[in-house]
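Q: Just add 112 to wherever you are in the sequence shown, counting from 1, and you've got this note's numbering. Cβ coordinates follow ideal geometry from the N, Cα and C atoms, glycine included. No experiment lies behind these values; they were computed from the predicted model shown. Dumping the structure here so I can ask a few things about it.
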Amino acid sequence: MEQGLVFLAAALMIGLGALGTAIGFGLLGGRLLEGTARQPELGPMLQGKMFLIAGLLDAVPMIGVGLGLYLMFAA
Numbered sequence: 113m114e115q116g117l118v119f120l121a122a123a124l125m126i127g128l129g130a131l132g133t134a135i136g137f138g139l140l141g142g143r144l145l146e147g148t149a150r151q152p153e154l155g156p157m158l159q160g161k162m163f164l165i166a167g168l169l170d171a172v173p174m175i176g177v178g179l180g181l182y183l184m185f186a187a
């Protein structure tokens, strides 16, 4: 029973982390399109900043995957 709860916790960590990241990427892309539509000359600068934030945003589920795998294999 305890092992099943550990697998459930790991699956929730990975799944909710992926869901939050997907929502974040959607909001980020929408704001990039809005900003570029308002001021097209700032498009390259906004795109560079978007890729920086996307990389940081993508780190969160990777930490969740690492912790989930640790829970599954160490516990």
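In angstroms with no decimal places, state the Cα-to-Cα distance between L181 and A122.
A: In the sequence shown, the residue the question calls residue 181 occupies position 69. In the sequence shown, the residue the question calls residue 122 occupies position 10. Distance between the alpha carbons of L181 and A122: 7 Å.
Q: Pairs of beta-carbons, one from the region 148-160 and one from the region 129-138, closer than 8 Å: are there three or more?
A: The region 148-160 vs the region 129-138: no contact.
Q: Can L158 and M125 be called in contact, C-beta distance under 8 Å?
A: Mapped onto the sequence shown, residue 158 falls at position 46. Mapped onto the sequence shown, residue 125 falls at position 13. Not in contact: L158 and M125 (Cβ atoms no closer than 8 Å).
Q: What number of angstroms, rounded off, separates the C-alpha of R143 from the C-alpha of I175?
A: Stepping through the sequence shown from its first residue, residue 143 is reached at position 31. Stepping through the sequence shown from its first residue, residue 175 is reached at position 63. Rounded to the nearest angstrom, the two C-alpha atoms are 25 Å apart.
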